[in-house]
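Everything on this sheet refers to the single structure shown next.
In the numbering used here, the protein residues as written are 54 to 192.
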């Protein structure tokens, strides 16, 4: 297999891993110096804050499941688009549980080296999630 195939396989295994056990430790997938970039989540910057954010999201949406839609790899980067669906059963960003199902898509660019995620750039529409929960008006 090529480096690109190995990197795409890492993404697939990570998504499968999350879908089996949302609270499982994810350290084996990430480098110690991992960096995360997402303008809508400026407080999430590294592996420890990603873990905190993921725990909060999974507590709020305990049945959250990810689906990998598309993936392209070149060099040390993998770009993938996916969707997620879950039911709002716990507090999320100060919003009491609504019981509503939400769906969102995201696009992630991952830089991978030595078989681990080194850096991610993610884009998703957090406002759309809040609209689905009734916390923001729809336009």
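Don't be surprised by glycine CBs; every beta carbon is placed ideally from N, CA and C.
Segment contact: the region 135–154 against the region 106–126, three or more CB-CB distances shorter than 8 Å; contact assigned.
Between residue 157 and residue 188, the C-beta gap is not smaller than 8 Å, which leaves the two residues out of contact. The beta carbon of residue 151 sits closer than 7 Å to the beta carbons of 141, 186, 187 from its chain, once the five residues preceding and following it are set aside; these are given in chain order. Annotated three-state conformation of residue 183 is helix, per DSSP.
In the same chain as residue 97, and ignoring 5 residues on each side of it, the C-beta atoms closer than 7 Å to its own belong to 89, 91, 103, 106, in chain order. According to the DSSP secondary-structure assignment, residue 146 is paired through a beta bridge with no residue.
Residue 167 and residue 78 have their alpha carbons spaced roughly 19 Å apart. Selection 129, 82, 71, 148 evaluated against residue 118 yields 71 as nearest (Cα-Cα). In the structure shown, residue 84 adopts extended strand secondary structure according to DSSP, grouped into three states.
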